[in-house]
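Report on the following structure.
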Amino acid sequence: MEAELKTMTTKDKLIAEFESSKNSLFDNIQLREQALEAFSKQGIPNRKSEEYKYVNIELSMKGDFAFSSSKKLSAKQIESTQFLKDAIIVVIENGKFNSESSKVNSLPKGLQILTISEAVSDESYTKHYTKYADINSDVFIALNTAFASGGVFIHLAKSAVIETPIHIIHISSVSENTILNTRNLIVVEENAQVQFVESYETVDLSAKSFTNTLTEIVVEANAIVSHFKIQNECELGSLISTTQVVQKGKSVFSNHTFTLSGSLVRNNLNIVLDGEHIESHLNGLYLTNGNQVVDNHTLVDHRKPNCNSNELYKGIIEDKSSATFNGKIYVRKDAQKTNAFQSNKNILLSDDGTINTKPQLEIYADDVKCSHGTSTGKLDVDKIFYLRARGLSEASAKKLLMHAFASEVLDSIKGMEDLHNYLEERISKRFE
Amino acid sequence: MSNEVLEEQINSDYKYGFVTDIEADNAPKGLNEDIIRFISKKKNEPNWMLEYRLKAFRYWLTLDEPHWAHVSYPQPNFQDIIYYSAPKPKVQLNSLDEVDPELLKTFEKLGISIEEQKRLSGVESRIAVDIVMDSISVKTTFKETLLEKGIIFCSFGEAVQEHPELIKKYMSSVVPYTDNFYAALNSAVFTDGSFCYIPKGVRCPMELSTYFRINSSGTGQFERTLIIADEGSYVSYLEGCTAPMRDENQLHAAVVEIVTHKNAEVKYSTVQNWYPGDKNGKGGIFNFVTKRGICLEDNSKISWTQVETGSAVTWKYPSVILKGDNSVGEFYSVAVTNNYQQADTGTKMMHLGKNTRSTIISKGISAGFSNNSYRGLVRISKGATNARNFSQCDSLLMGDKCGAHTFPYIEIKDKTAVVEHEATTSKIGEDQLFYCKSRGIDNEKAIGLIVNGYCKEVLNKLPMEFAVEAQKLLAVSLEGSVG
Numbered sequence: 009m010e011a012e013l014k015t016m017t018t019k020d021k022l023i024a025e026f027e028s029s030k031n032s033l034f035d036n037i038q039l040r041e042q043a044l045e046a047f048s049k050q051g052i053p054n055r056k057s058e059e060y061k062y063v064n065i066e067l068s069m070k071g072d073f074a075f076s077s078s079k080k081l082s083a084k085q086i087e088s089t090q091f092l093k094d095a096i097i098v099v100i101e102n103g104k105f106n107s108e109s110s111k112v113n114s115l116p117k118g119l120q121i122l123t124i125s126e127a128v129s130d131e132s133y134t135k136h137y138t139k140y141a142d143i144n145s146d147v148f149i150a151l152n153t154a155f156a157s158g159g160v161f162i163h164l165a166k167s168a169v170i171e172t173p174i175h176i177i178h179i180s181s182v183s184e185n186t187i188l189n190t191r192n193l194i195v196v197e198e199n200a201q202v203q204f205v206e207s208y209e210t211v212d213l214s215a216k217s218f219t220n221t222l223t224e225i226v227v228e229a230n231a232i233v234s235h236f237k238i239q240n241e242c243e244l245g246s247l248i249s250t251t252q253v254v255q256k257g258k259s260v261f262s263n264h265t266f267t268l269s270g271s272l273v274r275n276n277l278n279i280v281l282d283g284e285h286i287e288s289h290l291n292g293l294y295l296t297n298g299n300q301v302v303d304n305h306t307l308v309d310h311r312k313p314n315c316n317s318n319e320l321y322k323g324i325i326e327d328k329s330s331a332t333f334n335g336k337i338y339v340r341k342d343a344q345k346t347n348a349f350q351s352n353k354n355i356l357l358s359d360d361g362t363i364n365t366k367p368q369l370e371i372y373a374d375d376v377k378c379s380h381g382t383s384t385g386k387l388d389v390d391k392i393f394y395l396r397a398r399g400l401s402e403a404s405a406k407k408l409l410m411h412a413f414a415s416e417v418l419d420s421i422k423g424m425e426d427l428h429n430y431l432e433e434r435i436s437k438r439f440e
Numbered sequence: 011m012s013n014e015v016l017e018e019q020i021n022s023d024y025k026y027g028f029v030t031d032i033e034a035d036n037a038p039k040g041l042n043e044d045i046i047r048f049i050s051k052k053k054n055e056p057n058w059m060l061e062y063r064l065k066a067f068r069y070w071l072t073l074d075e076p077h078w079a080h081v082s083y084p085q086p087n088f089q090d091i092i093y094y095s096a097p098k099p100k101v102q103l104n105s106l107d108e109v110d111p112e113l114l115k116t117f118e119k120l121g122i123s124i125e126e127q128k129r130l131s132g133v134e135s136r137i138a139v140d141i142v143m144d145s146i147s148v149k150t151t152f153k154e155t156l157l158e159k160g161i162i163f164c165s166f167g168e169a170v171q172e173h174p175e176l177i178k179k180y181m182s183s184v185v186p187y188t189d190n191f192y193a194a195l196n197s198a199v200f201t202d203g204s205f206c207y208i209p210k211g212v213r214c215p216m217e218l219s220t221y222f223r224i225n226s227s228g229t230g231q232f233e234r235t236l237i238i239a240d241e242g243s244y245v246s247y248l249e250g251c252t253a254p255m256r257d258e259n260q261l262h263a264a265v266v267e268i269v270t271h272k273n274a275e276v277k278y279s280t281v282q283n284w285y286p287g288d289k290n291g292k293g294g295i296f297n298f299v300t301k302r303g304i305c306l307e308d309n310s311k312i313s314w315t316q317v318e319t320g321s322a323v324t325w326k327y328p329s330v331i332l333k334g335d336n337s338v339g340e341f342y343s344v345a346v347t348n349n350y351q352q353a354d355t356g357t358k359m360m361h362l363g364k365n366t367r368s369t370i371i372s373k374g375i376s377a378g379f380s381n382n383s384y385r386g387l388v389r390i391s392k393g394a395t396n397a398r399n400f401s402q403c404d405s406l407l408m409g410d411k412c413g414a415h416t417f418p419y420i421e422i423k424d425k426t427a428v429v430e431h432e433a434t435t436s437k438i439g440e441d442q443l444f445y446c447k448s449r450g451i452d453n454e455k456a457i458g459l460i461v462n463g464y465c466k467e468v469l470n471k472l473p474m475e476f477a478v479e480a481q482k483l484l485a486v487s488l489e490g491s492v493g
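Protein chains in written order, with this note's numbering: chain A, 9 to 440; chain B, 11 to 493.
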């Protein structure tokens, strides 16, 4: 048996694990089986897979993995991951909702937070769950759908305006190599307004963790949603983070993704603009060093006329790290009068770093304005000279320029002062 | 308004769709080692060439047809193609008088008058032409004049006979037969093409040109062009192509290789006007071409300029490998698709040497039900210090049933590199049209003006002789198109 296990591929192991544990999973067995079939059809991506050609997923999924962890962190350890002064805290520890450390009692009116197992019978949950993230479109969506066990369902009632941000903290603290499949569903009904912060942390991690997280967000008509992702994992943590968003008419959605660390980070951000007069903003900042691999994939799918989308991703690449940006703007036949913009800028600081960018436009409507731009370069020597002529050391001149480069993305955070300050501090520390 | 004008444009006819009634010497249909031996024997090739063909063929058998391009078409039946078709009689032509008059008429119809060229003295005329009809080169002009300067300009078949050392050294050095599916197929069955060698320090006094014509039915055209520019030389090379109107899809799979040595420069311009198929997307040429140049040594330059208006399906990426330090690569392209045409075209710029520079300007125009994609790769390898790239890809959409796509790939492994890429997609602005119209320019002319202005950056790069043809072509396919 041992020997047999050794020769099994990661894919076979995952399938075997599903077969042995499927009876203990509580819901939707049929759906999960379908998802597993979709997973087995697509397989673990390798370098030849067009969508994953710049990240070596096979390597980070090599070896034996467990699928859950019984390790518990102390309340104090969990508290160390909180950086917002005033927030509704949802803690997901090793892929499971932690009710003790979460602060979800006495929620404001209109807000409902349930664990997935509690939500199974909820009407709104069953209406939306797995309806947007297509198991056949991406192997990690399929894998997540088959295995998803923890996570939360957040529901905002019509016209509910929540002032306090909701902070979802994903913590990995495993002591043996583990694959975690976390899944969240967020439904924001008409006219509601809310801000989410999702942060990914590793605390006391002594083995490799491979987190495959999927968040589906439904933004109904006229709703305003801001979504922040702060990725803070240590070098043992690999993260596949998929965000599937669907927006209805006249809604506003903005996503801000900050990748500060982690050995392998792959973000899939898919936004479907399924209504008219929608606004979408996508901002991202990635600061990579060491042997880090960061890969940001975004898809903006314009399905209806008169919508605007705006995308800005920036990165600073150091050491042997590699960063990839792959942004796609898709404008369907009916989506006339679309304005879609995309910009990706990179600074490469080291001899061994790599930048790959692939900004794509796929356009089937004629009355549109779409553009993308990307640039990669070093720090401008003229600018450094200017600052040095004014008495700054070379190091502090460079620091200042990098800070200015990053602040364009940082300053797109509006109305979230403590988050802004926290990130500002983190980024400044990075440049020292 | 818009429909009316669009209609007009869609109805504009393909002018080169006639068939020349000329007797042809065909190989039987199908593809196997015997056919390859047949072609090789017909061309009286040395053994090493046959060996090369067979090696390529055996490799090709192991490959699958590629499907990554943003085009869809029925897979060509490779056994249903005639791989060798030569206009009869194939005798060595000593003077133009011996050329079949039907053939001469054909080329006169196409606007290339060999007769006229002959009358002009070599000094005054600016173009030397190699004409390839179906599988063979029928005539090369000004060979002697060029030879005085040491320039070799002849058909590929002749070069194999007369300059085997050059062919052996350079053929397949830029595009190996293992490169891709269609390059492998071409390497196995190529029939003719042009060969050009510019010796050290020679600036070619006239434009060199190859004119490709598919005439016979059921054939495929597989030609190979090889251009070598030795130290300090310069040549400007033109390529044009047309085909008759037919209901069937004919396959054209060519390979073009360019090698530049120290301080040399090659400028390669194409006006591609294969038959694009009819209004309903029936017929037309499948144009699957591998074009690549290598700046082998320092300070050399390769520049690709293309105007793509024809073919039902185009799959073409003229590329430059910038190996020598300070070498320069350029790519200027206008691609127009109409009706049910599909084009997936772009370039690859591989920066290996220090201080290498590349510029990419691509202008796509799609109308009707067509799909037009730009696909390009800019790769800065580690050690390519101070490499610089600028890319601009603009798309213009006319009508709401067509698509315009951009798929750039940028891979950077050197911190001193500066790479910029911009792309826009839009239609002709109502305000631009209004501006022209309020100054008394009618709708059709206004659109012509705007489209011409939109493509100007690329058209300016074409040699005079071609710029006129290209502008006319654009006028035929797009004048009066809509915003």
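Cβ atoms here follow ideal geometry from the backbone N, Cα and C, with glycine treated the same way.
Integer-rounded CB distance, given that residue j should sit under 8 Å from residue i
i	j	result
Val98 (chain A)	Val160 (chain A)	6 Å
Lys312 (chain A)	Glu416 (chain A)	Not confirmed; about 30 Å, so no contact.
Glu217 (chain B)	Ser246 (chain B)	5 Å
Phe261 (chain A)	Gln255 (chain A)	5 Å
Ala43 (chain A)	Ile143 (chain A)	5 Å
Ser48 (chain A)	Ile86 (chain A)	The Cβ separation is near 36 Å, so there is no contact.
Arg449 (chain B)	Val428 (chain B)	Not a contact, Cβ separation roughly 41 Å.
Lys326 (chain B)	Asn297 (chain B)	7 Å
Where residue i meets chain A, residues with beta-carbon distance less than 8 Å
i	result
Ala37 (chain B)	Correct list: empty, because the minimum Cβ distance to chain A is about 37 Å.
Gly413 (chain B)	Glu370, Ile371 and Tyr372
Glu5 (chain B)	Summary: the structure shown does not reach residue 5 (chain B), with chain B confined to residues 11 through 493, and so no result is reported for it.
Thr229 (chain B)	Under the 8 Å cutoff, chain A gives no residues; its nearest Cβ is about 34 Å from Thr229 (chain B).
Lys425 (chain B)	Leu356, Leu357, Ser358, Asp359, Gly361 and Lys386
Counted within 10 angstroms of its Cβ, other Cβ atoms place residue i as buried (16 or more) or exposed
i	result
Lys84 (chain A)	exposed
Asp452 (chain B)	exposed
Met474 (chain B)	exposed
Leu103 (chain B)	Note that Leu103 (chain B) scores a pLDDT of 48, beneath 50, so its modelled location is shaky and nothing firm can be said.
Ala403 (chain A)	exposed
Leu431 (chain A)	buried
Ser329 (chain A)	buried
Asp424 (chain B)	buried
His77 (chain B)	exposed
Lys471 (chain B)	buried
Ala239 (chain B)	buried
Tyr394 (chain A)	exposed
Ala193 (chain B)	buried
Tyr285 (chain B)	buried
Interface partners of residue i on chain A, CB under 9 Å
i	result
Ile370 (chain B)	Per Cβ cutoff of 9 Å: no residues; Ile370 (chain B) is ~13 Å from chain A at best.
Residue i: contacting residues in chain B (beta-carbon distance under 8 Å)
i	result
Val376 (chain A)	Leu407, Thr435, Ser436 and Lys437
Lys366 (chain A)	Phe417, Pro418, Tyr419 and Ile420
Beta-carbon neighbours of residue i, restricted to chain B and to distances below 9 Å
i	result
Lys341 (chain A)	Asp410, Lys411 and Gly413
Q) Which runs of the beta strand (DSSP E), 3 residues or longer, sit entirely within the region 290-366 of chain A? A) 301-310, 316-325, 330-339 and 347-356
Q: Specify whether the region 219-235 of chain B and the region 186-203 of chain B touch according to this definition: at least 3 beta carbon pairs, one from each stretch, less than 8 Å apart.
A: yes
Q | Completely contained alpha helix (DSSP H) runs for the region 60-147 of chain A, where each covers 4 or more residues | A | 65-68, 83-87, 124-127 and 131-136
**Q.** Inter-stretch contact at 8 Å, needing at least 3 Cβ pairs: the region 49-66 of chain A / the region 164-177 of chain A
**A.** no
Q. What are the start and end residues of each continuous beta strand (DSSP E) run of 3 or more residues lying completely inside the region 242-283 of chain B, in chain order?
A. 244-252, 259-262, 265-270 and 275-282
**Q.** At least three beta-carbon pairs within less than 8 Å, the region 344-360 of chain B to the region 376-386 of chain B
**A.** yes
(Q) Under 8 Å, with one C-beta from each stretch per pair, do the region 231-247 of chain A and the region 102-110 of chain A reach the 3-pair mark? (A) no
Q: Go through the region 313-358 of chain B residue by residue and report every complete run of the beta strand (DSSP E) that reaches 3 residues or more, in order.
A: 323-326, 329-332, 338-347 and 352-355
Q: Specify whether the region 208-222 of chain B and the region 60-75 of chain B touch according to this definition: at least 3 beta carbon pairs, one from each stretch, less than 8 Å apart.
A: no
Q) Does the region 355-366 of chain A come close enough to the region 380-394 of chain A that 3 or more CB-CB pairs lie under 8 Å? A) yes
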